[in-house]
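Chemist: The structure that follows is given in the form of structure tokens.
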Amino acid sequence: MNFTNKEKIACPNLNEIEQEALQFINANKVAYTRQMYSALRIKDKGLSLNKFRKLLQGLREHQLIKFIPAQQDSLSAWGANKAGEK
Numbered sequence: 563m564n565f566t567n568k569e570k571i572a573c574p575n576l577n578e579i580e581q582e583a584l585q586f587i588n589a590n591k592v593a594y595t596r597q598m599y600s601a602l603r604i605k606d607k608g609l610s611l612n613k614f615r616k617l618l619q620g621l622r623e624h625q626l627i628k629f630i631p632a633q634q635d636s637l638s639a640w641g642a643n644k645a646g647e648k
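This note's numbering puts the first residue of the sequence shown at 563, with every later residue one more than the last.
Shown next as structure tokens:
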């Protein structure tokens, strides 16, 4: 999923936010969307929770992270891709 030019203008720090999210996921191995949103203070950087989810989907499409579906007793999460894993 790509951001429109209007969305990029509204939040000029998208690259910075992407890098912080990747670092957070790599450091923690597994991360939840809301946990990252709060810990990285994404709202203060001008990105809504839904737009942050869109950013994470884009990272997944570029195979930088993987989506871990929800199980019976856990929420869905994001995980780091191992080297060479697709």
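Where a beta carbon is used, it is the ideal one built from N, C-alpha and C, also for glycine. If you're wondering where the values come from, they're calculated on a predicted model, not measured in any experiment.
Since I believe ALA583 is in contact with LEU618 (beta carbons under 8 Å), could you give me their beta-carbon distance rounded to a whole number of angstroms?
Modeler: Right, their Cβ atoms sit about 7 Å apart.
Chemist: Do you know offhand how far GLN585's Cα is from LEU576's?
Modeler: Approximately 14 Å, taken between the alpha carbons.
Chemist: Taking 6 Å as the cut-off, is the beta-carbon of ASN590 closer than that to any non-hydrogen atom of the ligand NAP?
Modeler: For the ligand NAP, the structure offers nothing, since it holds no ligand at all.
Chemist: State the CB to CB distance for the pair ALA601 and ALA639, rounded to an integer number of angstroms; the pair is presumed to be in contact (CB under 8 Å).
Modeler: About 14 Å separates the two Cβ atoms, so there is no contact after all.
Chemist: Quick one: what does DSSP say SER600 is sitting in, helix, strand or coil?
Modeler: Note: SER600 maps to helix in three-state DSSP.
Chemist: Give me the Cβ distance between ARG622 and PHE629, rounded to the nearest whole Å; I'm assuming they're in contact under 8 Å.
Modeler: Their Cβ separation, rounded to whole angstroms, is 5 Å, which keeps ARG622 and PHE629 in contact under 8 Å.
Chemist: I need the DSSP call for GLY620, collapsed to helix, strand or coil.
Modeler: Helix, per DSSP.
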